[in-house]
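Structure first, then comments.
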């Protein structure tokens, strides 16, 4: 997988206080989550990637462009959705998105057309001519997403996009964000302190703590790597099935209505299938046990 | 099947852009154009538009007043007052108050709102630099102010030229006036652009900014008047900030005259035009230093 973002020993200090320290990363294209508590350095990291802040030391490349010397070129290809409320109250969403599209280099007619399209896409088709000051928080977040997409970027940086939204609005925003990579083919870096948001839409995750990278990797590998076995649910003579597995030397314990079979190799799958046939039970569920991102996060958080 | 089938698009989806991206110059020109339209009241509140319209009408009134008076002065010949025979200096003198109010309306509207709503992360995430943003704002404010100073003044000059018996003869006799007219108009527009931007960059409130832009100029004028009376020193005239570009303008038109009150109450000879120019340039430089420091701090 090609690298969308690469940093080498990237550090940023504000008045001597470290915000980021020695970040060295290779972030692939795709949907990537940047996870960390408030103050972990997520926004600083994003601003460094956009070239809006100068690093104290180290270097970074985004889509192959050096952020220090090629900021203009990279910002033409990157969209940014800031966390803060940053929309002018007296302008309409349409005017704002057209203006920002033109600033990104779109010809006027194209900017007009694409502003209509992206505002429609984010669900602001009817309201796009109204002044933004009258919008709800959810609508404002949609405007911010639309302006980040209007110039057809190759990568979007989304800083806490669900911030301030109610559960329904959050779900709708996450659906939209999920489409950014899946349907639009645009890579994204989603910063959030909400583990479930990242878990829902990202394939890759980087976890920051106090300005340092705690871990990074494919979400499936990070979570799967912690698995302790297989979760199995059967219909039929469960007792006979369990005894059969134990007779094969496997450790089995009940977890609610399911069974947790300790697995140290892929041979376990064959043993389970064989025992299901022998004991005549129906195998209704079989999946590698995975821990939630929240469990992973707190495990890492507890580490010194 | 007899009915014709109709295609209906339910979801336009996302369409990638495969065309050409235009350069930074184009983006900035578009940005300045947008800001210019907003400064002139397009897509703004009716109160703002009303204020702009009233100021433009005032300027138009001044324009016609000087056009009419100068034609009357031509009719009466050399005996008419000098300010009416050469109406350009007088036109700028009268326009200065309109310029001041216009700058106090336009600059806070373009600068304070962006700061209040913290809009610039959106702008700076585009392929422009910090100073591009400021140039665009300055270009729009300067454009509006130059439009109401240079525009009518040039029109006045053209009107006088074509109304003269011999247009070419008038043009050749008043070529120096044309130079003074252009230089004075540009200086006035630049002075008020810089002054209004400097003040507006210090606050997020349009009201405070407008109040300070007007108030400091009026206060300077009042202080100048009182100190002139008390000290009778010509350098005190440099405290009247709003008067600095106008005295430069007088120097350019050759109409720099002493300050005097009737009945020999007060008579103070003017300073050199260079002193006024240095004062005006110092105000412009200081204003830009304030703008730069304010934005440099906020955008980092």
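Protein chains in written order, with this note's numbering: chain A, 1 to 304; chain B, 1001 to 1300. Don't be surprised by glycine CBs; every beta carbon is placed ideally from N, CA and C. Small disclaimer: the values here were computed from a predicted structure and weren't measured.
- Any Cβ of chain A closer than 9 Å to the Cβ of residue 1026 of chain B would place that residue at the interface, and such an atom is present.
- In chain order, 1112, 1209 place their CB closer than 7 Å to the CB of residue 1203 of chain B, counting only its own chain and leaving out the 5 sequence neighbours on each side.
- Excluding the 5 residues flanking it on each side, residue 1146 of chain B has same chain C-beta neighbours closer than 8 Å at 1185, 1186, 1189, in chain order.
- Here residue 105 of chain A is near residue 76 of chain A, since their CB atoms are less than 9 Å apart.
- Following the DSSP letters along the chain, one finds residue 1144 of chain B inside the alpha helix (DSSP H) bounded by residues 1130-1163.
- Rounded to the nearest angstrom, the Cβ distance from residue 94 of chain A to residue 115 of chain A is 6 Å, consistent with a contact under 8 Å.
- For residue 220 of chain A, the closest C-alpha among the options A:212, A:201, A:238 is that of A:201.
- In the three-state DSSP reduction, residue 236 of chain A falls in the coil class, being neither helix nor strand.
- Bridge pairing for residue 65 of chain A: A:62 [DSSP].
- At a beta-carbon threshold of 7 Å, the residues of chain A lying near residue 1124 of chain B are 52, ordered along the chain.
- Contact holds between the stretch 68-75 of chain A and the stretch 45-58 of chain A, because three or more Cβ pairs, one in each stretch, are under 8 Å apart.
- Secondary structure at residue 215 of chain A: strand, using DSSP grouped into helix, strand and coil.
- Comparing alpha carbon positions, the residue from B:1117, B:1249, B:1019 closest to residue 85 of chain A is B:1117.
- Where residue 267 of chain A is concerned, the enclosing alpha helix (DSSP H) starts and stops at 267-279.
- Within the stretch 114-135 of chain A, 114, 117, 120, 121 place their CB atoms closer than 7 Å to a CB of chain B, listed in sequence order.
- In chain order, 1122 make up the part of chain B whose C-beta sits under 8 Å from the C-beta of residue 147 of chain A.
- A:11 is the residue among A:11, A:30, A:26 whose C-alpha sits nearest the C-alpha of residue 40 of chain A.
- Shown here for residue 245 of chain A: same chain residues with a beta carbon closer than 6 Å to its own, the five before and five after excluded, namely 252, 275 in chain order.
- For chain B, the residues of the stretch 178-209 of chain A that bring a beta carbon within less than 7 Å of one of its beta carbons are 183, 184, in chain order.
- For residue 19 of chain A, the enclosing beta strand (DSSP E) begins and ends at 17-28.
- Under the 9 Å criterion on CB atoms, residue 1114 of chain B is classed as interfacial with respect to chain A.
- For residue 99 of chain A, the chain B residues whose C-beta falls within less than 7 Å of its own C-beta are 1034, listed in chain order.
- As for any alpha helix (DSSP H) of minimum length 4 sitting wholly inside the stretch 114-178 of chain A, the runs are 137-149, ordered along the chain.
- The beta-carbon distance between residue 161 of chain A and residue 190 of chain A, rounded to whole angstroms, is 7 Å. This is short enough to meet the 8 Å contact definition.
- Comparing C-alpha distances from residue 1152 of chain B to each of B:1264, B:1162, B:1061, B:1219 shows the shortest one belongs to B:1061.
- The Cβ of residue 1022 of chain B sits closer than 9 Å to at least one Cβ of chain A.
- Under DSSP, residue 287 of chain A forms a beta bridge with A:231.
- In chain order, 1113, 1114, 1117, 1119 make up the part of chain B whose C-beta sits under 8 Å from the C-beta of residue 88 of chain A.
- Residue 248 of chain A carries a coil assignment under DSSP once its states are collapsed to helix, strand and coil.
- Note on geometry: alpha-carbon atoms of residue 65 of chain A and residue 59 of chain A lie some 11 Å from one another.
- When Cβ pairs closer than 8 Å are counted between the two stretches, the stretch 1237-1254 of chain B is seen to touch the stretch 1209-1225 of chain B, the count reaching three or more.
- Under the Cβ criterion (8 Å, minimum of three pairs), the stretch 1271-1280 of chain B does not count as touching the stretch 1098-1114 of chain B.
- In the same chain as residue 216 of chain A, and ignoring 5 residues on each side of it, the C-beta atoms closer than 6 Å to its own belong to 206, in chain order.
- Rounded to whole angstroms, the separation of the alpha carbons of residue 43 of chain A and residue 13 of chain A is 13 Å.
- Sorting A:174, A:17, A:7 by C-alpha distance to the C-alpha of residue 25 of chain A places A:7 at the top.
- Neighbours of residue 104 of chain A across chain B, judged by C-beta separation under 8 Å: 1021, 1027, 1126, 1127.
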